[in-house]
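In the numbering used here, the protein residues as written are 2 to 390.
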Ligand code: SF4
Ligand code: SF4
């Protein structure tokens, strides 16, 4: 049904909701590029829908979706031409803001002295298109860790400072998602603009919510019209349905004390029999932030560099302290990861370290599911209490 629309006022205030069609989305991408943003959004890459450079609507994964299960990810054709009809893929904004490898400095020897070289180029200014509520929540989790605190990272902050967030509310979660439990989705919050996509056979359009002055400004020259209340209701209904479709759940408040009190649960031994300590879960997790530093010099001894690289609490070297690794077993490393993520992270940073995106479940090669692990620890805990009483 063609929604009722009225014409657009001259100035769009924060909180306004407007209607935009696909040609206008093309103009929006153009406007972002003209303002110097590098537009990053969903693209088909390496058999998945991942974030990458988007220069035009044609770069988006029209008509593609994903089917996700523990240890399984498959691309699938959709019955329509939706541009954003998929759940989160392996990459997140972390890949662009807290990059996997960065040179923190270089120094060259001149006249017998080492001189620090200036950074080669200014940090990129990103506009993230199509990001989901869970990913925005993950970015805010990383903000709390990497901006201002003890682990402040100037490279992260420089990238984060000027970025623009164009969310797309999630209407088709994967079977591995549980953002409702973590309070991070499926409706996005803390955006500059948020889109709801309607890819009906006769009409392909978007409801656009304006979340900031920067979002309103970028829409200034884009042909949009005031949205009807019918569009707003449809958007709400789609995200409500997406929330109800999620089958995985986790009690995030209970997990804090449960993990703190179950350091010796027999479930840690059971999960360690399956876990490969590969670190995949930490690589795809949009909140994991651990890094290591590597120094190198060239063969002439004239130039030295320091690189910061992602590391993982699953690597043996990560907990190496003089004389050996503190966490030498797979059991201790899995326990560290899960307990930090869902419990001690709250003590350190005031929020959970998990946003319920489900990536660690999809991309774990043996399909370990943290929601099932927490449930199993709860079950073992209850059984132990019954025995004691
Ligand atoms: S722990 Fe898993 S579900 Fe939670 S944010 Fe990280 S990848 Fe997503
Ligand atoms: S839980 Fe899965 S992804 Fe994470 S280290 Fe173990 S095997 Fe790898």
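Yeah, the Cβ is synthetic: ideal placement off N, Cα and C, and Gly gets one too.
Only a predicted model underlies this, so the values are computations on that prediction, with no experimental measurement involved.
Report the three-state DSSP secondary structure of residue 197 (helix, strand or coil). For this step, residue 197 is matched to residue 196 along the chain shown. Residue 197 falls in the strand class under three-state DSSP.
Using C-beta distances below 8 angstroms, list every residue in its chain close to residue 336, excluding the 5 sequence neighbours before and after it, in chain order. Mapped onto the chain shown, residue 336 falls at position 335. Cβ within range, chain order: 264, 269.
Which residue's Cα is closest to the Cα of residue 292: 105, 312, 353? Working through the chain shown from its first residue, we reach residue 292 at position 291. It is 312 whose Cα lies nearest to the Cα of residue 292.
Between residue 95 and the rest of its own chain, which residues show a CB-CB distance below 6 angstroms, the 5 nearest in sequence each way excluded? Here residue 95 refers to the residue found at position 94 when the chain shown is read from its first residue. 287, listed in sequence order.
For my contact list, residue 338 and residue 283 are in at a C-beta cut-off of 8 angstroms; report their separation, rounded to the angstrom. Position 337 of the chain shown, counting from 1, holds the residue named residue 338. Position 282 of the chain shown, counting from 1, holds the residue named residue 283. So it is a contact: roughly 7 angstroms between Cβ atoms.
So, using beta-carbon positions, are residue 177 and residue 71 closer together than 9 angstroms? For the purposes of this step, residue 177 is taken as residue 176 along the chain shown, with counting starting at 1. For the purposes of this step, residue 71 is taken as residue 70 along the chain shown, with counting starting at 1. In contact: residue 177 and residue 71 (Cβ atoms closer than 9 angstroms).
By DSSP's criteria, residue 207 is part of a beta bridge. Which residues make up the other side? On the chain shown, position 206 is the one that residue 207 refers to. DSSP, once it has assigned bridges, lists 21, 198 as partnering residue 207.
On the CB-based measure, 16 or more other CB atoms within 10 Å of its CB, does residue 193 come out buried or exposed? Translated into positions along the chain shown, residue 193 becomes position 192. By the neighbour-count rule (16 or more Cβ atoms within 10 Å), residue 193 is buried.
So, with DSSP's three-state summary, where would you put residue 322? Position 321 of the chain shown, counted from the first residue, corresponds to residue 322. Residue 322: strand per DSSP, three-state reduction.
Counting only the same chain and skipping the five closest in sequence on each side, list residues whose C-beta sits under 6 angstroms from that of residue 210. Numbered from its first residue, the chain shown carries residue 210 at position 209. So the qualifying residues of the chain are 18, 195.
Can you check whether the CB of residue 169 is closer than 9 angstroms to the CB of residue 85? Here residue 85 corresponds to residue number 84 of the chain shown, with the count starting at 1. Here residue 169 corresponds to residue number 168 of the chain shown, with the count starting at 1. Yes. Within cutoff.
Limits of the alpha helix (DSSP H) - the one that residue 244 falls within: For the purposes of this step, residue 244 is taken as the residue at position 243 of the chain shown. First-last of the alpha helix (DSSP H) with residue 244: 230 to 246.
Check whether residue 145 and residue 351 have beta carbons under 9 angstroms apart: Along the chain shown, one-based indexing puts residue 145 at 144. Along the chain shown, one-based indexing puts residue 351 at 350. Cβ atoms of residue 145 and residue 351: closer than 9 angstroms.
In the structure shown, what three-state DSSP assignment does residue 69 receive? The residue labelled residue 69 in the question sits at position 68 within the chain shown. Strand.
Along the beta strand (DSSP E) that carries residue 364, what are the first and last residues, could you check? Residue mapping note: residue 364 aligns to position 363 of the chain shown, counting from 1. Looking at the DSSP string, residue 364 is not in any beta strand (DSSP E), and its letter there is neither H nor E.
Identify every run of the alpha helix (DSSP H) within the region 237 to 313, keeping only runs that are complete inside it and at least 4 residues long; order them along the chain. 253 to 261, 268 to 275, 281 to 285
At least 3 beta-carbon pairs within less than 8 angstroms: the region 150 to 158 vs the region 97 to 105: yes
Going by beta carbon distance, what residues of the same chain come within less than 7 angstroms of residue 200, once the five residues before and after it are set aside? One-based indexing of the chain shown puts residue 200 at position 199. Counting only Cβ-Cβ distances below 7 angstroms, and skipping sequence neighbours, we find 81, 82, 83, 86.
Local Cβ density within 10 Å of residue 111, reported as buried at 16 or more and exposed below that: Stepping through the chain shown from its first residue, residue 111 is reached at position 110. It is exposed - the Cβ of residue 111 has fewer than 16 other Cβ atoms within 10 Å.
So does residue 48 have its beta carbon nearer than 8 angstroms to some heavy atom of ligand 2? As a working mapping, residue 48 is identified with position 47 in the chain shown. No, the beta carbon of residue 48 sits no closer than 8 angstroms to any heavy atom of ligand 2.
Measure the C-alpha to C-alpha separation of residue 198 and residue 255 and round it to an integer number of angstroms. Numbered from 1 along the chain shown, position 197 holds the residue referred to as residue 198. Numbered from 1 along the chain shown, position 254 holds the residue referred to as residue 255. Going from the Cα of residue 198 to the Cα of residue 255 covers about 35 angstroms.
Do the region 229 to 237 and the region 113 to 124 make contact, defined as three or more Cβ pairs closer than 8 angstroms? no
Name the residue from 37, 115, 64 whose alpha carbon lies nearest to the alpha carbon of residue 304. Here residue 304 refers to the residue found at position 303 of the chain shown. Nearest C-alpha to residue 304: 115.
Look at the Cβ atom of residue 24, then the Cβ atom of residue 40, and state whether they are nearer than 9 angstroms. Stepping through the chain shown from its first residue, residue 24 is reached at position 23. Stepping through the chain shown from its first residue, residue 40 is reached at position 39. Not a contact, by the Cβ cut-off of 9 angstroms.
For residue 26, which of helix, strand or coil comes out of DSSP? What you label residue 26 is simply residue 25 of the chain shown in a count that begins at 1. Note: residue 26 maps to helix in three-state DSSP.
Go through its chain and collect everything with a Cβ distance to residue 79's Cβ below 7 angstroms, but skip five positions before and after it. The residue labelled residue 79 in the question sits at position 78 within the chain shown. The residues are 64, 65, 66, 86.
Could you give the first and the last residue of the continuous beta strand (DSSP E) run that contains residue 98? Taking the chain shown and counting its residues from 1, the one referred to as residue 98 is at position 97. Per DSSP, residue 98 belongs to no beta strand (DSSP E); it is in the alpha helix (DSSP H), 95 to 98.
CA-to-CA distance, residue 363 to residue 333, given in whole angstroms: Here residue 333 corresponds to residue number 332 of the chain shown, with the count starting at 1. Here residue 363 corresponds to residue number 362 of the chain shown, with the count starting at 1. Taking the straight line from one Cα to the other gives about 22 angstroms.
What's the gap between the Cα of residue 88 and the Cα of residue 58? Against the chain shown, residue 88 aligns to sequence position 87. Against the chain shown, residue 58 aligns to sequence position 57. Distance between the alpha carbons of residue 88 and residue 58 is about 19 angstroms.
Burial state of residue 323, where buried means 16 or more other Cβ atoms lie within 10 Å: Reading the chain shown from its first residue, position 322 is the one you call residue 323. Exposed: under 16 other Cβ atoms inside 10 Å.
Rounded separation between residue 259 and residue 379 - CA only: Within the chain shown, the letter at position 258 stands for residue 259. Within the chain shown, the letter at position 378 stands for residue 379. Using only the alpha carbons, I get a separation of about 7 angstroms.
What is the rounded straight-line gap between the Cα of residue 243 and the Cα of residue 188? Working through the chain shown from its first residue, we reach residue 243 at position 242. Working through the chain shown from its first residue, we reach residue 188 at position 187. Taking the straight line joining both Cα atoms gives about 9 angstroms.
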